[in-house]
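Numbering (this note's numbering), first residue to last: 392 to 787.
Yeah, the Cβ is synthetic: ideal placement off N, Cα and C, and Gly gets one too.
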Ligand SMILES: Cc1ncc(COP(=O)(O)O)c(C=O)c1O
């Protein structure tokens, strides 16, 4: 199947942020008449599996696009997917399908933390984690991750201290972690649960990168349902199957009380059902064998991309790519003392677009994130250009 992923696809006419010059030129000052290596944005340069494309086309051909409702087949598909991919049995009654992960976080925050009350995040992390807290006028509490042995570790003393000191109501957890690519281990998950139980903190577990664990298993909080008192999992097939533009997601609740409270808030605030194409796409993704096989093959391909880029970038002595357990994003530390603004300019001059530290919540300067969900020939060209950048800086 590797040949499918080796193919360079042209997304420039798909009106998507990643490759549409109309959009890109408003954000990145790059010469678009020359070769551009866009390694930003967490989506993939691979075509979505055929059965999903077919399901979307079939829905489009029905020729009306009005309000939808939550379909039983969609709930069944989520249930089957968890069983098949993660070997987890979930309760169908505890699933609710809605219109996007970040949107659902806002509703959950409004239920479990009053204005001015505290919500904790572990940083650095995907920036909207910070924004949802600040935009809802809750107090943002930060527990900094520790960079050690090429990966992030949790500072549990500080985690507990921040929770106790600030009477934290919600912990928004990135599981697996973006941008660190980290899958959390059993002992870490257990400790998080014990501390959150002790202080009655709701765990809001964002598991959107969970289908993309490259080796080993995704450590969903659902595996620990018997231990964890109060949690909500937020998830969707968007990352695994490149469906982010369909604006849909789902929540899985630890118990009926939390479900009722959150859904009550939804009723007041939002249209609950997702885009009309989301459910057919998700059902196709989660139930067709070709999509399942495609995901497996894609992850193997991305893992080989990871091994390649890690070994190539490690040849540049000031670059330290982090270990990546999950997803297609690799977080790279630059140990040289460089002028941040100048560095960005050099990247842009070479047509290389990445996400620098300032795109993440509370990330220290000196890091950048590379998206490696692309064909290997394109990745090799991008690596060569990154080497050229560090050559120009006399660092390679
Ligand atoms: C950790 C994480 N959560 C949520 C999202 C976005 O989810 P949605 O588009 O459904 O709001 C992303 C996108 O990159 C992400 O990395």
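| Item | Value |
| --- | --- |
| Curious, which full-length alpha helix (DSSP H) runs of at least 4 residues does the segment 628 to 688 contain? | 629 to 632, 647 to 660, 669 to 678 |
| Determine contact between the segment 579 to 587 and the segment 540 to 551, defined as no fewer than three beta-carbon pairs at a distance below 8 Å. | yes |
| Flag this pair as yes or no: are the beta carbons of residue 533 and residue 753 separated by less than 7 Å? | yes |
| Closer than 6 Å: is that where the CB of residue 602 sits relative to any heavy atom of ligand 1? | no |
| Excluding the five sequence neighbours on either side, which residues of its own chain have a C-beta within less than 8 Å of the C-beta of residue 683, listed in chain order? | 475, 476 |
| Across which residues does DSSP place residue 517 in a beta bridge pair? | 751 |
| Could you pull the start and end residues of the alpha helix (DSSP H) that residue 768 belongs to? | 767 to 783 |
| Per DSSP, what kind of secondary structure is residue 587 in: helix, strand or coil? | helix |
| Using three-state DSSP, classify residue 758 as helix, strand or coil. | strand |
| What separation, rounded to the nearest whole angstrom, lies between the Cα atoms of residue 638 and residue 670? | 10 Å |
| Comparing C-alpha positions only, which one of 770, 640, 568 sits nearest to residue 397? | 770 |
| Bridge partners for residue 530 per DSSP, in chain order? | 509 |
| Looking at ligand 1, does it come within less than 6 Å of residue 651, judged from the CB to the closest heavy atom? | no |
| Helix or strand or just coil, what does DSSP make of residue 475? | helix |
| Is the segment 476 to 489 in contact with the segment 441 to 455, if contact means three or more CB pairs nearer than 8 Å? | no |
| If you run the structure through DSSP and keep just helix, strand and coil, what is residue 593? | strand |
| Can you tell me the Cα-Cα spacing of residue 502 and residue 730, whole angstroms? | 43 Å |
| Any heavy atom of ligand 1 inside 6 Å of the beta-carbon of residue 682? | no |
| Output yes or no for whether 7 Å exceeds the beta carbon distance between residue 442 and residue 675. | yes |
| So which residues put a beta carbon under 5 Å from any heavy atom of ligand 1, going in chain order? | 433, 491, 492, 493, 517, 569, 597, 599, 640 |
| May I have the straight-line CA-CA distance separating residue 431 from residue 710, to the nearest angstrom? | 18 Å |
| Quick check on DSSP: helix, strand or coil for residue 719? | coil |
| Would you tell me roughly how many angstroms separate the C-alpha atoms of residue 603 and residue 744, rounded to the nearest one? | 23 Å |
| How many Å lie between residue 601 and residue 626 at the Cα? | 8 Å |
| Measure the alpha-carbon distance for residue 497 versus residue 785 and round it to whole angstroms. | 46 Å |
| Is residue 691 closer than 7 Å to residue 719 when the C-beta atoms are compared? | no |
| Just to confirm the assignment, what range does the alpha helix (DSSP H) spanning residue 494 have? | 492 to 503 |
| For residue 439, which of 775, 681, 755, 712 has the nearest alpha-carbon? | 681 |
| Going by DSSP in three states, residue 363 sits in which element: helix, strand or coil? | As displayed, the chain neither begins before 392 nor continues past 787, which places residue 363 out of reach and without an answer. |
| Assign residue 542 to one of three DSSP states: helix, strand, or coil. | strand |
| What first and last residue would you give for the alpha helix (DSSP H) that runs through residue 563? | Unbroken run through residue 563 is the beta strand (DSSP E), 561 to 565; no alpha helix (DSSP H). |
| What separation, rounded to the nearest whole angstrom, lies between the Cα atoms of residue 708 and residue 697? | 18 Å |
| Give me the Cα-Cα distance between residue 597 and residue 492, rounded to the nearest whole angstrom. | 8 Å |
| Near residue 694, which residues of its chain fall below 6 Å by C-beta distance, leaving aside the five closest residues on each side in sequence? | 605 |
| Indicate the three-state DSSP secondary structure (helix, strand or coil) for residue 487 in the structure shown. | strand |
| Keeping to the same chain, check which residues put their C-beta closer than 7 Å to that of residue 416; ignore five residues upstream and five downstream. | 423 |
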